[in-house]
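Only one structure is covered here, and it is reproduced in the block below.
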Amino acid sequence: GVAALDAYSKASPDDAELAEKLAKARAQYADKELEELKLLVKNYPTDLRRKFQLGLTLAGRGEHQPAIELYQVAQDDPKIKPQVLEAMGKSFLALDGWEDAAIDVFRQALTHVIDDSSETALDLRYGLLCALQGKAASERDADAADEADRLAGAIAMKKFNYKDIQDRRKDIKALLAEMRG
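Residue numbers for the sequence shown follow this note's numbering, beginning at -8 and rising by one.
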């Protein structure tokens, strides 16, 4: 199976044939997993968690449009709504030209966060920041850039080494300086 090939591959990192077999086995496993999830969603149409899981799996494969459709249904489960909205925001962000939708979804998700200092709240603010930064860059929107700058500062004050926050803040500052001439 995949685990055995993985172990052999680690023992022989220079074996290109083995690496290719491992990649093929992983792809087959992922395809089987996807088919199984689709079957579960079909057999349990009211199970919103399964729809969310299928959406995550599709998004992980770069299939963001069908993932968004599943998220839009799965968000009706109040227990997983913030996670569903975060995933939906990321999928909108992955599609070109959908920054406004991503911004709306991340803002909506933040209203469902109970603990404002949680990791989830930080992740949602970061998603919103990325969407605002994308909008600012593509549309030369100074308001979006200003809000992204404030968010980047707030995130850095909470967790200075969070993801690529320092680089993002530097890029946003440069964009603002360029827009202000």
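Just so it is clear, CB atoms sit at the ideal spot from N, CA and C, and this is done for glycine as well.
Excluding sequence positions up to five before and after Ile156, its CB lies within less than 7 Å of the CB of Ala143, Ile146, Ala147, all in the same chain and listed in chain order.
Annotation for Asp158: the continuous alpha helix (DSSP H) segment containing it runs 156 to 171. Per DSSP, the continuous alpha helix (DSSP H) segment holding Phe43 begins and ends at 39 to 51. Straight-line measurement puts the Cα of Cys121 at about 24 Å from the Cα of Ala65. Taken atom to atom, the span from the alpha-carbon of Glu90 to that of Asp68 is near 25 Å.
Distances from the alpha-carbon of Leu86 to those of Pro57, Asp38, Glu8 put Pro57 closest.
Here Leu76 is not near Ala128, since their CB atoms are 8 Å or more apart. If you compare the alpha carbons of His103, Leu25, Asp95, Gly118 with that of Tyr153, the shortest gap goes to Gly118.
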